[in-house]
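J.:
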Amino acid sequence: MVRYLATTAGLMLTLTCAFPVLAQTEVGYVPPATDAVAVTPQSPAPPPQNGRSPDWRTVAAEDLLVIDTTRGRILVELAPLIAPLHVERIRLLSRAGFYDGLTWHRVIDYFMAQTGDPLGNGDGQSAYPDLKAEFTFRRGPELPFTAVASPAGAVIGFVGSLPVQSQPDSLMPLTGDGKVHGWALYCPGVAGMARDEGNDTANSQFFLMRQPYPSLDKRYTVWGTVVSGLDVVRSLKTGEDASGMVPGERDRMIRVRVAADLPEAERPLVQILNPGSEPFRLLAEQVRAARGADFSICDIPLPVQVVTAMPAT
């Protein structure tokens with residue numbers, strides 16, 4: 006069965022096809038009428054490359070996926086605390102060279118770019134078993150989480166570089182495990198797994214968001230977020246019709262590796278402003294003031310510094 010995401014300009018359609026959740030052909034996709042208002046906050050001072058400043062953290066090499074494409078490099082921070090099974094699958098396939106040379110077979114503007122299919126037609130997957138869905142997670146006091154907003158009955162913030170929504174901490178003492186329900190939010194750059202109709206059918210195909218798309222929240226497993234190269238994701242060749250399937254020559258992933266597996270001289274060093282730091286708090290306040298009632302956590306840019314090492318020739 007074809008592993009697809011069904012879309013419209015903000016609502017999921019009921020599709021008349023072989024399966025209702027993931028459709029071989031999209032129906033009536035229309036880009037949003039207007040984009041979000043651009044907000045350009047004052048950038049914090051750049052971090053020291055030694056990573057010793059408490060305001061900045063260095064992404065662990067084991068949690069950094071390096072995707073070299075025909076359009077440029079994409080760096081994704083993995084989220085093992087949120088989706089351990091899917092992160093382990095991405096690491097496994099990357100280390101096996103499974104993704105090397107695969108095309109971005111389905112790309113839709115204002116939505117996402119999909120890859121990971123060895124057949125290139127939406128039907129392919131790895132030889133490994135399908136994965137159990139990890140649409141949500143349990144958040145306890147031990148999970149590193151920074152809140153930036155508290156709408157009624159919820160709290161929104163970051164786990165690492167990943168935007169998430171959760172029940173409030175006040176409910177933790179009332180639950181059997183002392184934890185509350187949480188889920189990642191599909192903001193630009195967020196990495197998700199494609200699947201078939203069943204929830205537990207993700208395998209090897211994944212997608213990177215080009216724009217925010219809240220209709221996907223809690224319906225597709227999130228396993229990471231792009232920390233560098235969102236411009237590359239948005240530059241990938243798009244499909245010419247509503248299905249999003251890219252005709253003719255497609256962009257490809259040249260090489261996909263976990264940074265820890267690269268020679269030290271080739272590893273990118275990624276440093277991200279800590280959401281719990283004072284500079285980030287000021288940045289978030291500035292964005293919220295600029296956006297007003299239209300504020301979304303997707304509006305907050307996470308300042309990132311990348312020291313890029315390219316493959317040796």
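Just so we're on the same page, this note's numbering is the position in the sequence shown counted from 1, plus 5.
Glycine residues also receive a C-beta, built at the ideal position from the N, C-alpha and C atoms.
Please read all numbers here as calculations on a predicted model, not as lab measurements.
CA-CA distance, P168 and A270?
T.: 31 Å
J.: For D222, which residues of its own chain have a beta-carbon under 8 Å away from its beta-carbon, when the five flanking residues on both sides are left out?
T.: Q170, W188, A189, L190, Y191
J.: Is S233 buried or exposed, if buried means 16 or more other CB atoms sit within 10 Å of its CB?
T.: buried
J.: Tell me whether the region 111-129 and the region 214-231 touch, counting them as touching only if at least three CB pairs, one residue from each stretch, are closer than 8 Å.
T.: Result yes; three or more Cβ-Cβ pairs closer than 8 Å.
J.: Buried or exposed for T230, please, with buried defined as at least 16 other CB atoms from any protein chain shown within 10 angstroms of its CB.
T.: It counts as buried.
J.: Is the beta carbon of A199 sitting closer than 8 Å to the one on V71?
T.: No.
J.: Please report the Cβ distance between V309 and I277, rounded to the nearest whole angstrom; I am assuming they are in contact, meaning their Cβ atoms lie under 8 Å.
T.: Confirmed, Cβ separation roughly 5 Å.
J.: With a 10 Å radius around its C-beta and 16 neighbouring C-beta atoms as the bar for buried, classify N208 as buried or exposed.
T.: buried
J.: Helix, strand or coil for R76? Go by DSSP, reduced to three states.
T.: Looking at R76 - three-state DSSP - the assignment turns out to be coil, as it is neither helix nor strand.
J.: Just confirm the distance between the C-beta atoms of D60 and P284, as a whole number of angstroms; I'd bet it's less than 8 Å.
T.: 6 Å
J.: Between which residues of its own chain and A152 is the CB-CB distance below 6 Å, once the five residues before and five after are set aside?
T.: V160, G162
J.: Out of F211, N204, L235, D236, point me to the one whose CA is closest to R224's CA.
T.: N204
J.: Within this structure, are the beta carbons of Q210 and G121 separated by less than 8 Å?
T.: yes
J.: According to DSSP, simplified to helix, strand and coil, what is H91?
T.: helix
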